[in-house]
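Numbering (our numbering), first residue to last: 1 to 864. Please read the structure below before turning to the comments.
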RNA sequence: GCCGAGAUGGCGGAACUGGUAGACGCACCAGACUCAAAAUCUGGCGGGUGUGAGCUCGUGUCGGUUCGACUCCGACUCUCGGCACCA
């Protein structure tokens, strides 16, 4: 028997799969298609454990589907635009393009060392000229369809770096790189009109039962549909009106003031003649738009001197500019009801505005003077004129109807979802294909002139504040395609979520050279049957991609409504942390063990061991997958990750768990080879043997097939592997028990069947070792990746005897063995004959008998 | 604050639709093999109690439904994740 040498086995099979293109997906196939997609990586430099887990899960599913007879498409590519490439350009003086493609080369080799069943012929990077070109074409199609908009919007502005920051890049109200206090600024930005699809995106969630409940809830909340009423206040002494949106029309009689956003047009008007108002607005704009910044803000307001007229009472109520009102939601102005809205309550207390209770909760009487917080729950209307006495839900409808009748308002729907701003003032992204002309305005680049390629000579311009493209005059200055006068290119590039919004479509026809997509092939493979990736993309990527897909459907590029039929979100990879009081986070190799204590290798202080945090370089708790693969092999790495936890749960890293996976693969290797050596040339059993041991083993084989097959449907790889472990244990035991004697023919045949079964069942998890055993030890003529998943022999699952559990008053008292054909009555008789059962029955009277034939008997008794 | 997920031995985790709690692995203990060690193979392994068959407690806490509850219902505690002035 050869020793198991994972390095030799793995490189051999990786070469064979590559040379023979074993995993190339064919459109022309009589097999049913299955499109398995794993989230493509950003080429940051090296793969990490999260990638390994993601791709091990995806590959297990893909390989099993192949064995089940599907034509599987499992592609791989690179999400290659993005800021890290520009940061690398600054720190290493290396061109973003060179940095990106070098990283891709490294990471491709790493992925190939995992032996994943990818169709590498479809690989591309999103920064490839080709991909960027077709994305621009799609962009213009959406523009023609009216789904793209250029409008003013408030952004986080870094005054030092002269650039827009995403919310995630604002830390404690300061720019993550410059440290400058972030400002709110109005800028012209490009938007995709995702809000037009809000309702369809919301309704579509109900058509996705194969998505995790958490993701569906998160998307629902993100879209944030709310029903309310929009109506306008008249403004005292002015012709203009103040439209507001409210979800609580039932509280209309409790309105004691109005608040408007600092950016509201009315606020701007007031500021024009009042420097104090201007100062207040400026103060509001100092703080960023991030949640953390807003959270800390106290409720501040500025009285405009203007009054609104209450539409039902004609009362004059003051209008304030308030720092907590958002211009981007509703109308940017709200009616304020301090008694029934917590923000308005706090504001009223601070600004001495009256509080008027109009909803009385059941059982209590609210006293405005004594209230410590607003009552936002249900109740009966009070002090509300003709609406008094109604319950507030009924009142919502009645009051909305009244507004419609008066012609001052109507029932409307609002969404939390905003249009998707895709402008980035960055170099390393896909250029937005437009030209600004003084005469013609914003002009799309003619399709024939596409692609707008990024200039290559940019390195010196990166690193200075602002967008490098803005300063590259040779690139920026062009002629207007419409009138021919000198004009400027749009210098914004697209958000990188654009690229990940259609890459799964491009995989279907990656060589399509006349159009972004080849409809026949795209509609053959789409939708993606199973998508696998991290939960961190639950909203942004997965929502953008759903929207983009629907938009492409509406311009005729794809047929289906939803891109991803099923979604599996895998948990994080976590590991314990080591922290030295003076040196901070430590890697295990930066510690020493002495007298049972873990000490810092540098200062010998006692290390604090923290539990289970997400692997990250900053916490010094990462494990490099390359070390793992080089040391134990990819198969061990994959089996460990799939066995240690179910895929959706977080996985705790464990060195000894890796050892366990390694030992298990060695046990398989040895058992299969021992079977071949002890029983050379024997064919696998195809029917039930006579001998008891062999019969039992064959039963176990088919039970295992059954268990693994069912577990694979639920993606419970951990229990599937556990079942194979049990089978290996049973096989090893039988083989060891007959070391001295010669194996009977039927035992040999059954063991041979076991070997073949185990190898196929394990192939999705450990593809290399199983391929090697299949060809080398078992000498099968067909390659394993073309083999079929084993079938269950129903006869092997038939038991001669059954174990029945006997309970008395629900407590386990005995386990009896009964013949399989025993009737329920006979089983009950046998149960009562058991010695221990009899002891518990003495002095008792049987009240009831619950029988699950062949499984359980519960005798309910009470004292005589 | 709102929404969601979870809590089971020393550890990771099993238990499909209410029916044997702790599969499988790790760690540990013992035995076999060995001059010895490693590797391998075999057995043991929730707590208490008993010579033993067994008895008893036990799935975050408290209560309920049921012949029977890790599983269902109600209340609560803690942990993790998401959203957060959305009117």
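Built from N, CA and C at the ideal position, the CB exists for glycine as well. Remember, predicted model here, so these are calculated numbers, not experimental data.
- Within the model, the alpha-carbon separation for residue 5 versus residue 112 is close to 18 Å.
- Listed in chain order, the non-local C-beta contacts of residue 327 below 8 Å within the same chain comprise 154, 261, 262, 263 and 264, local neighbours out to five positions each way being set aside.
- Rounded to whole angstroms, the separation of the alpha carbons of residue 60 and residue 121 is 20 Å.
- Contact between the region 450 to 457 and the region 397 to 414 is not established, with fewer than three Cβ pairs separated by less than 8 Å.
- Burial state of residue 689 is buried, judged by a 10 Å Cβ sphere holding 16 or more other Cβ atoms.
- Beta-bridge annotation (DSSP): residue 442 is paired with 436.
- Judged by DSSP secondary structure, residue 859 falls within the beta strand (DSSP E) whose first and last residues are 856 to 863.
- Boundaries cannot be given for residue 371, as no alpha helix (DSSP H) includes it and DSSP labels it neither H nor E.
- Taking the Cα positions, residue 567 is about 56 Å away from residue 844.
- Across the set 213, 45 and 469, the C-alpha of 45 shows the shortest separation from the C-alpha of residue 88.
- In the structure shown, the three-state DSSP call for residue 401 is helix.
- Rounded to the nearest whole angstrom, the CA to CA distance from residue 147 to residue 194 is 8 Å.
- Contact check for residue 486 against residue 478 passes: the beta carbons are separated by less than 9 Å.
- Residue environment: residue 492 is assigned as buried (16 or more neighbouring CB atoms within 10 Å of its CB, all protein chains considered).
- Listed in chain order, the beta strand (DSSP E) elements of length 3 or more contained wholly in the region 471 to 515 are 477 to 479 and 486 to 489.
- Using a Cβ distance threshold of 9 Å, residue 67 and residue 34 do not count as a contacting pair.
- Annotation for residue 185: the continuous beta strand (DSSP E) segment containing it runs 183 to 192.
- Around residue 305, the same chain offers no residue with a beta carbon nearer than 6 Å, after the five sequence neighbours per side are excluded.
- In the DSSP annotation of this structure, the continuous segment of the beta strand (DSSP E) that includes residue 844 starts and ends at 844 to 852.
- Scanning 423, 480, 571 and 428 for the CA closest to the CA of residue 449 turns up 480.
- DSSP places residue 414 in the uninterrupted beta strand (DSSP E) bounded by 409 to 415.
- Following the DSSP letters along the chain, one finds residue 141 inside the alpha helix (DSSP H) bounded by residues 129 to 144.
- The distance from the Cβ of residue 160 to that of residue 175 is about 7 Å, consistent with a contact at the 8 Å cut-off.
- Fewer than three beta-carbon pairs drawn from the region 537 to 557 and the region 585 to 598 are found closer than 8 Å, and the two stretches are therefore not classed as touching.
- The alpha-carbon separation between residue 773 and residue 54 amounts to approximately 26 Å.
- At least 9 Å separates the beta-carbon of residue 682 from that of residue 37.
- Per DSSP, residue 156 is not a residue of any alpha helix (DSSP H); the beta strand (DSSP E) it occupies stretches across 148 to 158.
- Listed in chain order, the beta strand (DSSP E) elements of length 3 or more contained wholly in the region 571 to 631 are 573 to 580, 584 to 586, 591 to 594, 597 to 600 and 608 to 614.
- By DSSP's assignment, residue 424 forms a beta bridge with 493.
- Around the beta carbon of residue 777, 16 or more other beta carbons lie within 10 angstroms, which makes this residue buried.
- Closest in C-alpha terms to residue 676, from the list 822, 731, 645 and 632, comes 731.
- With fewer than 16 other Cβ atoms inside 10 Å of its own Cβ, residue 514 counts as exposed.
- Non-local C-beta neighbours of residue 548 in its own chain, meaning closer than 7 Å and more than five positions away in sequence, comprise 501 and 502, ordered along the chain.
- Bridge pairing for residue 318: 307 [DSSP].
- Annotated three-state conformation of residue 705 is helix, per DSSP.
- Counting only the Cα atoms, residue 184 lies some 28 Å from residue 247.
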